[in-house]
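**Q**
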Amino acid sequence: MRATAGDQFVQHGRVVGQHDKVGEIVEVLGQDGNPPFRVRFTDGHVGVCSPGPDTEIRHRTASEEQR
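The opening residue of the sequence shown carries number 1 in UniProt numbering; numbering runs sequentially from there.
#1: According to DSSP, which residues form a beta bridge with Q11?
#2: Alpha carbon to alpha carbon, how far is H12 from F37? Give it in angstroms, no decimals.
#3: Report yes if the C-beta of V22 is less than 6 Å from at least one heavy atom of the ligand SAH; otherwise report no.
#4: Pull the bridge partners of V46 from the DSSP assignment, please.
#5: In the DSSP assignment, what are the bridge partners of V28?
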């Protein structure tokens, strides 16, 4: 699972009713865009994360990169 800084890191809820946890990848710590990633979540928490089966990487679109 490859990513670049600025992509969204989405951890889907593991049980019914649990909300997704969304963050922005601020740094890629692995080689060639591979995990682990330093992620800043919407609650302000920053952590080092490796994606699991419940994780999705949402890549920035071309229009978002121009901002």
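Ideal placement from N, C-alpha and C gives every residue a C-beta, glycine not left out.
**A** Let me lay it out:
#1: Position 11 of the sequence shown, counted from the first residue, corresponds to residue 11. For Q11, which the question treats as bridged, DSSP gives the partners K21, T55.
#2: Counted from its first residue, the sequence shown places residue 37 at position 37. Counted from its first residue, the sequence shown places residue 12 at position 12. Computed Cα separation, rounded: 17 Å.
#3: This structure does not include the ligand SAH; it has no bound ligands of any sort.
#4: Your numbering for residue 46 matches position 46 in the sequence shown. DSSP output for V46 lists R40 as bridge partner(s).
#5: Here residue 28 corresponds to residue number 28 of the sequence shown, with the count starting at 1. In the DSSP output, where bridge partners are listed per residue, V28 has F37.
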